[in-house]
Amino acid sequence: MKKMLIVLSMLMTASFAHAEAKVGYVDMQKAIQATAAGKKAKTELEGEFNKKKKELEKKEADLKKMGEDLEKKKSVLSEEALGKKQAEFQEEMLKYRDVVGKSQVEIQKKERELTAPILEKMKKVIAKLAKDKGYAMVIENSQMVLYATPETDLTDEVIKAFDKEK
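Number 37 in this note's numbering belongs to position 48 of the sequence shown; there are no gaps in the numbering.
Next up, the structure:
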């Protein structure tokens, strides 16, 4: 919050000092997802996610079956055998949770790997566009931006420029 106030005060100071200073904004999430490279990365990530999801659904179904079998045999098993089966079930549950956690970390890592080069190129495209159009500053349209005029939205121009760059 403190950083935002500093940026806003700098903007206000800059606008008083240079009445013609232009400030634009870019919706980075939209820009990344709308580019050809972003769409390709999203497709690849969805494929990876769906593969992991299928694996987890199979393990979840196996666990559910194991739990149902345990419940059915509960009355006929000895206390010792029941204890062993419950311990096995708990161990499998822990393994499942561990696999779920690792899968989430892997998906997040893959997402960073796929989007990092896009983001780097996006920053260069934004810098070039800002220089060419005479913008003193381009900010990300985040939840901190409370109002901006539509003509200061550079997102669509950035998407076009990004896809033209090789």
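Ideal Cβ placement from N, Cα and C applies to all residues, glycine included.
| task | Compare the Cα-Cα distances from Ala125 to each of Leu52, Asp58 and Ala116 and report the closest residue. | result | Sequence index remark: in the sequence shown, residue 125 carries index 136 (1-based). Of the listed residues, the one whose Cα sits closest to Ala125 is Ala116.
| message | Applying the 10 Å Cβ sphere with the 16-neighbour rule, what's the burial state of Met82? | response | Within the sequence shown, residue 82 is the residue found at index 93, counting from 1. Exposed is the call here.
| message | Taking a contact to mean a Cβ-Cβ separation below 7 Å, would you say Val15 touches Val114 in this structure? | response | Along the sequence shown, one-based indexing puts residue 15 at 26. Along the sequence shown, one-based indexing puts residue 114 at 125. No. Outside cutoff.
| Going by other Cβ atoms of all chains shown within 10 Å of its Cβ, with 16 needed for buried, is Thr24 buried or exposed? | Within the sequence shown, numbered from 1, the residue matching residue 24 stands at position 35. Of the other Cβ atoms in all chains shown, 16 or more fall within 10 Å of the Cβ of Thr24; this residue is therefore buried.
| query | Between which two residues does the alpha helix (DSSP H) carrying Gly56 extend? | reply | Within the sequence shown, numbered from 1, the residue matching residue 56 stands at position 67. That run of the alpha helix (DSSP H) goes Ala25 to Lys62.
| task | Taking the CB atoms as reference points, tell me whether Gly13 and Thr104 lie closer together than 7 Å. | result | What you label residue 13 is simply residue 24 of the sequence shown in a count that begins at 1. What you label residue 104 is simply residue 115 of the sequence shown in a count that begins at 1. No. Outside cutoff.
| message | Quick check: the Cα distance between Lys110 and Lys28, rounded to an integer number of angstroms? | response | Locating residue 110 in the sequence shown gives position 121, counting from the first residue. Locating residue 28 in the sequence shown gives position 39, counting from the first residue. If I take the Cα positions, the gap works out to 15 Å.
| query | Any chance the CB of Lys110 is under 6 Å from a heavy atom of the ligand GTP? | reply | Among the components of this structure there are no ligands whatsoever, and the ligand GTP is therefore not found.
| query | For Lys11, does the three-state DSSP call read helix, strand or coil? | reply | In the sequence shown, the residue the question calls residue 11 occupies position 22. Under the three-state reduction of DSSP output, Lys11 falls in the strand class.
| query | Identify the residues that DSSP records as bridge partners of Tyr156: which are they? | reply | The chain is shown only over -10 to 155; residue 156 falls outside these bounds and no answer can be derived.
| request: Enumerate in chain order the residues of its own chain whose CB-to-CB distance from Met55 is below 7 Å, with the five nearest sequence positions on each side excluded. | output: As a first step, residue 55 is located in the sequence shown; it is residue number 66 there, counting from the start. Taking C-beta separations shorter than 7 Å and ignoring five residues to either side along the sequence, the partners of Met55 in its chain run Phe78 and Glu81, following chain order.
| query | Would Thr144 pass as a contact of Lys19 if the rule is Cβ separation under 7 Å? | reply | Here residue 144 refers to the residue found at position 155 of the sequence shown. Here residue 19 refers to the residue found at position 30 of the sequence shown. In this structure, the beta-carbon distance from Thr144 to Lys19 falls below 7 Å.
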